[in-house]
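As numbered in this note's numbering, the sequence shown has no gaps in its residue numbers, which increase by one up to the final residue, 621.
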Amino acid sequence: MPSEFDLIRQYFTRPTPGAILGVGDDAALLQVSPGMELAVSVDMLVAGQHFGVADGPGTVGHKSLAVNLSDMAAMGAAPRWATLALALPAADEKWLRGFAGGFFGLAGKFGVELIGGDTTRGPLNICVQIMGEVPPGQALRRDGARAGDEIWVSGTLGNAALALAHYQRRVELEHREAAAMLPFLHLPQPRVAAGIALRGVASAAIDISDGLLADLGHILERSGLGAEIHFERLPLHAVMRRHIALEVAQNCVLAGGDDYELCFAAPAARHETILDLARQLELPLTCIGHMTAEAGLRLLRAGEIMTIGTKGFDHFAA
Ligand code: ADP
Ligand code: MG
Numbered sequence: 304m305p306s307e308f309d310l311i312r313q314y315f316t317r318p319t320p321g322a323i324l325g326v327g328d329d330a331a332l333l334q335v336s337p338g339m340e341l342a343v344s345v346d347m348l349v350a351g352q353h354f355g356v357a358d359g360p361g362t363v364g365h366k367s368l369a370v371n372l373s374d375m376a377a378m379g380a381a382p383r384w385a386t387l388a389l390a391l392p393a394a395d396e397k398w399l400r401g402f403a404g405g406f407f408g409l410a411g412k413f414g415v416e417l418i419g420g421d422t423t424r425g426p427l428n429i430c431v432q433i434m435g436e437v438p439p440g441q442a443l444r445r446d447g448a449r450a451g452d453e454i455w456v457s458g459t460l461g462n463a464a465l466a467l468a469h470y471q472r473r474v475e476l477e478h479r480e481a482a483a484m485l486p487f488l489h490l491p492q493p494r495v496a497a498g499i500a501l502r503g504v505a506s507a508a509i510d511i512s513d514g515l516l517a518d519l520g521h522i523l524e525r526s527g528l529g530a531e532i533h534f535e536r537l538p539l540h541a542v543m544r545r546h547i548a549l550e551v552a553q554n555c556v557l558a559g560g561d562d563y564e565l566c567f568a569a570p571a572a573r574h575e576t577i578l579d580l581a582r583q584l585e586l587p588l589t590c591i592g593h594m595t596a597e598a599g600l601r602l603l604r605a606g607e608i609m610t611i612g613t614k615g616f617d618h619f620a621a
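The following block contains the structure:
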């Protein structure tokens, strides 16, 4: 039976050239780049709630870091370091190998170093803290939007939720369609490059983890504004488009979780700049509406205004 220290050494100790001191001491030592602000965020993933107990360990490793990278993206921060607090029911080395593979695979792609953590026995629970850097005053906060700013989203919406709906048999996708949607659920791609590119362009930003309406709602609340968005403008994957007549698909697009796309506001004068960024990033950026001085989130659909209640989309979908 490997000890806790064997496990840490074998699975979670990698070179950390970007830290003064990484895994192995009582604390890591970090030097933030001169003049930069430190952006810090933490997310907990609970088995059975944020991922399925049956999900592959590689998927869980990827996702536990991806959700944190997405928070860095939403701040316009460049991710640098992470810590990992892990509760494990048993020292299952096959699981640990898979988990570390998923985690470090994504970490390597974004230049993030694991510099410490904690490992303990307990119900499966994963807590990743991430630290990144952003030039002073340039972070993309939720409270910076102005009335008249355009509202944009990256990528396409609702795919992860559609995949989940398929596996929960709330919608029936063809085999090929399900195969196209599954990676959005299991291997979300955080929009880090887009977040960094939007420094000095976006006035406010958030990552869509709880659904477009809920997360845009956070920007509205923090910025003290309302918004008008157009259902017909929402960017949809080809598979989603084939099913969009279904209420369940519409719910995925408007209120589905786990998108990890960015939703941001920007002055209308930056419209062409943002379209140029989309081409450079090879990532669709779509204008879906604008901020209003009048409070409330109004969804326009087929020319009709539907005021969205606090209960979300279900409230008015019928
Ligand atoms: P302490 O007793 O001071 O909490 P630990 O024995 O928990 O130290 O951890 C020893 C070292 O291993 C520390 O540097 C800690 O940051 C690191 N560590 C523990 N668990 C993990 C993990 N899951 N991933 C990365 N580093 C870890
Ligand atoms: Mg400890």
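In this text, a Cβ means the ideal position worked out from N, Cα and C, and glycines have one as well.
Just so we're clear, the structure is a prediction, and the values are computed from it rather than from any experiment.
Under the rule that a run must span 3 or more residues, the beta strand (DSSP E) segments found entirely inside the region 387-439 read 416-424 and 428-437. Between the C-alpha atoms of Gly606 and Thr423 there is a straight-line separation of about 55 Å. In the three-state scheme derived from DSSP, where H, G and I count as helix and E and B as strand, Glu480 is classed as helix.
Under the criterion of beta carbons closer than 8 Å, Thr576 and Pro538 do not qualify as touching, at roughly 19 Å. Exclusion of the five residues before and after Gly435 leaves Ala342, Met375, Ala380, Ala381, Pro382 and Arg383 as the residues of its chain whose Cβ lies within less than 6 Å of its Cβ. In the three-state DSSP reduction, Val349 falls in the strand class (E or B).
In terms of CA proximity to Ser306, Leu391 leads the group Leu332, Leu391, Leu368 and His478. Membership of Arg312 in any beta strand (DSSP E) is not indicated; the residue belongs instead to the alpha helix (DSSP H) covering Glu307 to Phe315. Beyond the five residues adjoining it in sequence on each side, Arg449 comes within less than 8 Å, by CB distance, of Ser506, Ser526, Leu528, Ala568, Pro570 and Met594 in the same chain, given in chain order.
Secondary-structure assignment with DSSP links Ala385 through a beta bridge to Leu417 and Ile433. Per the CB criterion, closer than 6 Å to any heavy atom of the ligand ADP, the qualifying residues run in chain order as Ile311, Phe315, Val326, Gly327, Asp328, Asp329, Leu387, Leu389, Leu417, Gly419, Gly420, Asp421 and Thr422.
Leu515 sits close to Val456, with the two beta carbons spaced by under 9 Å.
Annotation for Leu490: His365 place their beta carbon closer than 6 Å to its own, counting only its chain and skipping 5 residues before and after. Boundaries of the alpha helix (DSSP H) around Leu578: His574 to Leu584. Within the same chain, and ignoring the five residues on either side of Gly520 in sequence, the residues whose Cβ sits closer than 8 Å to its Cβ are Leu600.
The three-state reading of DSSP puts Thr589 in strand, counting E and B together. In the structure shown, the three-state DSSP call for Leu565 is strand. Judged by DSSP in its simplified three-state form, Ala507 adopts strand. Of Arg494, His574 and Ala403, the smallest CA-CA separation from Leu565 is found for Arg494. Secondary structure of Leu603 (DSSP, three-state): strand. Here DSSP, grouped into helix, strand and coil, assigns His546 to helix. Residue environment for Gly503: exposed (fewer than 16 other C-beta atoms within 10 angstroms of its C-beta).
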